[in-house]
Amino acid sequence: MKLESLDIIRLPGIHPGFRLDALGPGVNVAVGPNASGKSSLVRALRAALYTQELRQTGVHIEATFVDPQGPLQAHRLGTDLSWSRNGERVEAPPLPDHRFIDCYTLRIEDLLSADHGTEQEIGLRLARELAGGYDLPTLRDDPALALKTTHARSESQALTAAEQELRERRQQQRGLQHDEQRLTDLKAQRQQTQRAAHEADQYERAMDLLGARREHRDLKTRVAALPPGLDRLRGDELQRLAPLQDELRRLEHEQQQARERLEDACQRREAAGLADPELDADRVDDKRPVVRRLLELERGLEQTTRELHAAQATRHQATEELGGTPEAIPALDPATLHSVEQSLGTLRGLQAGIAQREDELASLPPTEDTLPTPDTLRRGRDELLHWLGSPRPTPWTGLRRVAAGIALLAAGGAIGTATLLVHPAFAVLALPVAWGAYIAARPATDNIPREAAKARFRDTGLALPTEWEADAVRERLAHLERELETAEAAVRTAERRARLERELQERRAAREQEQERMKDIAEQVGFDPGCMDASLQRWIHLTANHDRARQAVNTTRAEQERLTAELEATRAPVMAFLTQYAVAPPDSEPSADTLAQHLDRLAARLQTRDTAQREEKAAQRELDRLQADANRTREQIAALYAAAGLENDDESTLRERLRLWPDWQELSEQLGNVRERERERRRHLEDRPDLLEAVEADAAEPLESQLQTLRDQAGERDRLSEEIARIEAAIDRAGHERQLETARARRELARDALTQRLDQALFATAGNFLLDQVEIEHEQAVQPAALRQAREWFRRFTRHHYELQFSPHASARFSARETASGATRSLTELSSGTRMQLLLAVRIAFALEAERGRSALPLILDEALGTADPDRFRAVAESLQALAHEAGRQVFYLTAQPEDARYWQAQESSVEVIDLAARRWGQQALGSHEQLSLPETKAVPAPGSDAPEDYAQRIGGIPLIDPWQDPAGIHLFHLLRDRLDLLQRLLELGVDRLGALESLLQGPADSLLEPPECQTLQARSEAARAWTRAWRQGRGRPVDRAALEASEAVSATFIDAVSDLAKQLNGNGEQLLRELENGTVKRFQSSARERLSEWLTDNGYIDPNTILTETELEHRVIATLKPHHSTPERAIREGQALARALQAGLHPPA
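Numbered continuously in UniProt numbering, the sequence shown closes out at residue 1150.
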């Protein structure tokens, strides 16, 4: 909910009223002198929102807000507060609890107070939330619900003290006027010394130019002594020549191998002896079907011959059984004999068929009705095959799921951080992250065919595999195949049994009919048919056998003659083909196997010839390619020598020149640097021809003499500057701390406190009744995110120099940890600016969380940054403007200083500036452009080509490392001597110590630095802490007076003497004990010395471990860096350099 306009019609202290409209939706800066109505704006807005505000005064205020539903009007008249929309009265919007209104209206008096009620309430709320609920019994014990006899006495005394303090502050302000009057004279004197210092700088440049000219002449002489042509070299000629020579040797060797392969292929082609180019594998393969036909004919002829011999034997046997002349055997009536023979044969056939089928039925296995049908088994087999044939989905292991979740969370956190700290447009990147999460969470589409096959298999009713894995499914498939074979066999058996039973019934019926027919024949011939079967039947049978044997001999002989003729006709073309290529067998009637063997030999020779021809062509192509590559390589070698200005293959001269080339390159680089330095100095001295003439004349002594004189004159500049800085600092401190205004504010606070005590008395009676009502209601719990957000705001406000600490059970719950030293400081120990930033972060974060589910209110800062220095002002302004952009929050900043508006507009051009004096009385409160111009920010110099030591001096000097202090205080110069450009960027961000760097790496480092830089900084910060721990090994902490007193082993009688002795020994605990043992401190008892030795050992002042050497310290650093580097070599190089840099930065021994 944003404020669009505010109309103050009647308000105590404001006459006449005034109206503010056209307020910006983001940051609004209201500028006006004292008594211009800034604080009244806060009072009016609070009264327009809550009836609890200004209840005892007659007020008339109208305000227009804008929420997602449109304009919303608030009308406050006296104690009545009503809301309307589009002219119709509506319910009041859901506003945050009135108790936390101070989180939205932030005054400098509140932020300067370390124990303001709002912070206490926020701390109590957070402590309750961390405890898991509310503490209503404690609320009942609140002293505010019971009035004492001394009620409001302290407030009255506080008002008296505040008025006295205000008088004292006014007296101090008058005392500063005298110092201000001295500034003009002091600055004039300093101007004179500055001119002398500038002149000294000119003479120093002249001396530098003179030195550069001398060095220039010397370098030119040394370059001229080197052989010519070195400027045509690049330095890597041998590195480029060596692979070319190796390549040429390789190509020549491969050419020789290609020639050998070519000769071998030619020899094998000629050895094949097949010169006919038309002969190919197809012609040979055309003869193979003929050979196979010959083989079939030979087998048929052999079979026919065997059948002929068998038929002849059968005919001979039948003739013998008939007595040699079967034609002479008497014959019966042919019709009768034929009828008898037919009946007997039919009867015997039926009997044999019946016996055969009865035996076969008895041998069939029993049928199982419980087996699944073959169709069901085939359908189950097909579904298992479909399951195995479907693509297997990529498994999501637990580790991959955790890694994907962490990656998505890290991406979401990075996008959220970038959205908050850089630009809201980064929120668009959440769409691909959400899409990736959806893709990772949804079921894989490539698993659908498998799941469908699995479902169809269940529908068959068959037993499922033990598990749906490939091996288990294959095992079930094999078992299913066996079941299918068993089921199909059972079906065939059942069908065979039914057919046999049907045939058995038919043959039994036919046998009965034939027996009846035999009875009829027996009546006709006059004897029993059984007798006919024993004699006449045999004769009839033998006669029939003889006739059949004679017919079989004739038929078989005719078939033999036909096969012999076809065999000869088929063999002839094959023999002619083999004879054409001299591979025919010597036998005139070879077998089909012999012809097939000779065809195989011809095919093998043909394959040898074709293979040799292909290899011959391939070898020739390879030889041509290698020759072309060798020619190109020779041309490259010749071009390399030509580029170096040498004859081809003059490698000795090339090596000699390359030996001298580094010296020439170094001299050339030095010569270029000297020329550049000489041009730079000449450019600075263009307006000083007298100095240039002295340099040309090589007059060093006059220049040095005059330079010393100027330096002596400029020596007074530092003293004058210190005096001026002291006076200006006092004036600036008085202006920034605004002690007079603070005293006024405290007086107003005392008056308000006295008024509030009156309100407490009025509300005390109704307190218990309201508390009973509160007990049956539950307020919505504030999420712990308020504390996390407050910590993030505080880090951003202080540029990561401090971190917010919260102790729910302490009396002072909020404190700050200094990242540079690791020390925790209470609110009273912080500077005014830092305390303001902490309380500002807590209130804003708590307000954002407390209003969840309620209407958002504008944030109003009433000179809340009045005591902040420019850097802190910018940090808070940047954070609040980020809040206004990212969360759509409306912010009002009220100030009496016109330059504050310039600070806000320097951060964001869209800031709306409101001139309260102009709005109320038509006066202009904003100053001129010069008055509002911002002080220049001291830029961090770029390292350029400076050595690390020179750059350290340019940035104001670097503190040495104290290994006994927290490593958080180590200056980043000691970690980044080889990365001065990165050091400059970190210093520009306000990050100069290891603790601040670690805080930055835990926060928005990814949006300020490149990922490789973040990785390097993280690795080196861990390595610096590892080096500090390793350095302390074997070295006891320095023993001082505080340690001796804490040990309780040194009495008050000896404390001074032992402390002085420890100081003389530089705090060495072991030496101190030896001196005490030797009696250096008279009458110091041995029992006390033993207690002291034990305490010093237990508390780290004496370390029995061996002190690590510098090499061992390097090893510890390398081991810490190794996981952060892709190769061990890089970790070793960086670890050695870092360990040496840290060693060089140590405090010198005392």
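Here a beta-carbon is modelled for each residue, glycine too, at the ideal position from N, C-alpha and C.
Values in this document were obtained by computation on a predicted structure and should not be read as measured data.
By a C-beta neighbour count over all protein chains shown, 10 Å radius and 16 as the cutoff for buried, is PRO96 buried or exposed? Classification of PRO96: buried, given that the 10 Å Cβ count is 16 or more.
Look at ASP978 and ALA1131 and say whether their C-beta atoms are less than 8 Å apart. No. Outside cutoff.
Straight-line CA distance for LEU960 to LEU106? Rounded to the nearest angstrom, the two C-alpha atoms are 41 Å apart.
Same chain, Cβ closer than 8 Å to ALA730, neighbours up to 5 away in sequence not counted: Here the set comprises LEU176 and ASP179.
Straight-line Cα distance separating GLN670 from THR824: Looking at the backbone, the Cα of THR824 and that of GLN670 are separated by about 52 Å.
ALA968 and THR819 - do their beta-carbons sit closer together than 8 Å? THR819 is a Cβ neighbour of ALA968, given a cutoff of 8 Å.
Am I right that ARG747 and GLU163 are in contact with their C-beta atoms under 8 Å? What's the rounded C-beta distance? About 6 Å separates the beta carbons of ARG747 and GLU163, which is inside the 8 Å limit, making them a contact pair.
Taking Cβ positions, are ALA917 and GLY32 nearer each other than 8 Å? For ALA917 and GLY32, yes; Cβs fall inside 8 Å.
Three-state class that DSSP yields for ALA816 in the structure shown: Correct three-state label for ALA816: strand.
With contact counted as at least three CB pairs below 8 Å, one residue from each stretch, are the segment 477 to 484 and the segment 286 to 303 in contact? They do not touch, by the three-pair rule.
Nearest to ILE939 (by Cα), restricted to the options ALA414, LEU987, THR895 and ARG1029: Contrary to the premise, residue 939 reads as Ala rather than Ile in this sequence. Shortest Cα-Cα distance from ALA939 to any of ALA414, LEU987, THR895 and ARG1029 involves LEU987.
Distance between TYR50 and GLU88 (C-alpha atoms, nearest Å): In a straight line, the C-alpha of GLU88 is about 20 Å away from that of TYR50.
Sequence-distant residues of the same chain with beta carbon closer than 6 Å to LEU1065, five excluded per side: Its chain contains GLN1071 and LEU1072 as the residues whose beta carbon lies nearer than 6 Å to that of LEU1065, once the 5 sequence neighbours on both sides are disregarded; these appear in chain order.
At what residues does the alpha helix (DSSP H) containing ASN631 begin and finish? Residues 592 to 643.
Presumed contact (8 Å Cβ cut-off) between GLN1033 and ASN1105, rounded CB distance: Approximately 5 Å separates the beta-carbon atoms of GLN1033 and ASN1105; this is inside 8 Å, confirming the contact.
Below 8 Å, can you find three or more Cβ-Cβ pairs linking the segment 453 to 462 to the segment 377 to 384? Contact holds: three or more Cβ-Cβ distances are below 8 Å.
Using only the alpha-carbon positions, how far apart do GLY229 and ALA242 sit? Cα to Cα, the separation comes out at about 21 Å.
Going by C-alpha to C-alpha distance, which of GLN73, LEU377, GLN351 and LEU972 sits closest to ASP459? Residue nearest to ASP459 within the set GLN73, LEU377, GLN351 and LEU972 is LEU377 (criterion: CA-CA distance).
From LEU248 to ALA265, what distance separates their C-alpha atoms? Each residue's Cα considered, the two are about 26 Å apart.
Tell me whether THR460 sits in a helix, a strand or coil according to DSSP, three-state version. Reduced to three states, the DSSP call for THR460 is coil.
PHE846, enclosing beta strand (DSSP E) - first and last residue: Not the beta strand (DSSP E): PHE846 falls in the alpha helix (DSSP H), residues 832 to 850.
Taking the C-alpha atoms as reference points, what is the distance between LEU388 and GLU488? Each residue's CA atom was taken as its position, placing LEU388 and GLU488 some 24 Å apart.
ARG261 versus GLY235 - alpha carbon distance: When rounded, the distance between both Cα atoms is 42 Å.
Helix, strand or coil: how does DSSP classify GLU4 here? Strand.
Quick check on DSSP: helix, strand or coil for TRP964? In the structure shown, the three-state DSSP call for TRP964 is coil.
What are the residues that DSSP puts in a beta bridge with HIS60? For HIS60, which the question treats as bridged, DSSP gives the partners ARG10 and LEU77.
Just how far apart, CA to CA, sit GLU728 and LEU186? Using only the alpha carbons, I get a separation of about 11 Å.
Pick helix, strand or coil for ALA1150, following the three-state DSSP scheme. Legend: pLDDT at ALA1150 = 41, less than 50; position of this residue unreliable, no value from coordinates given.
Cβ neighbour criterion (16 or more within 10 Å) applied to ASP102: By the 10 Å Cβ count, ASP102 comes out buried.
Please list the terminal residues of the continuous alpha helix (DSSP H) segment that includes ILE1055. 1055 to 1064 is the extent of the alpha helix (DSSP H) around ILE1055.
Where do the N-terminal and C-terminal ends of the alpha helix (DSSP H) with GLU998 fall, by residue? Element bounds for GLU998: 994 to 1002.
Can we say the segment 572 to 582 touches the segment 551 to 563, given the rule of at least three CB pairs closer than 8 Å? These segments do not touch.
Opposing strand residues paired with THR742 [DSSP bridges]: None, per the DSSP bridge assignment.
By the DSSP assignment, the alpha helix (DSSP H) with PHE794 in it spans what residues? Residues 785 to 797.
Distance check for ARG799 and PRO963, CA to CA, integer angstroms please. Going by C-alpha positions, PRO963 is about 25 Å away from ARG799.
In the segment 460 to 518, which residue ranges form an unbroken beta strand (DSSP E) of at least 3 residues, counting only runs that do not cross its ends? Within the segment 460 to 518, no complete beta strand (DSSP E) run reaches 3 residues.
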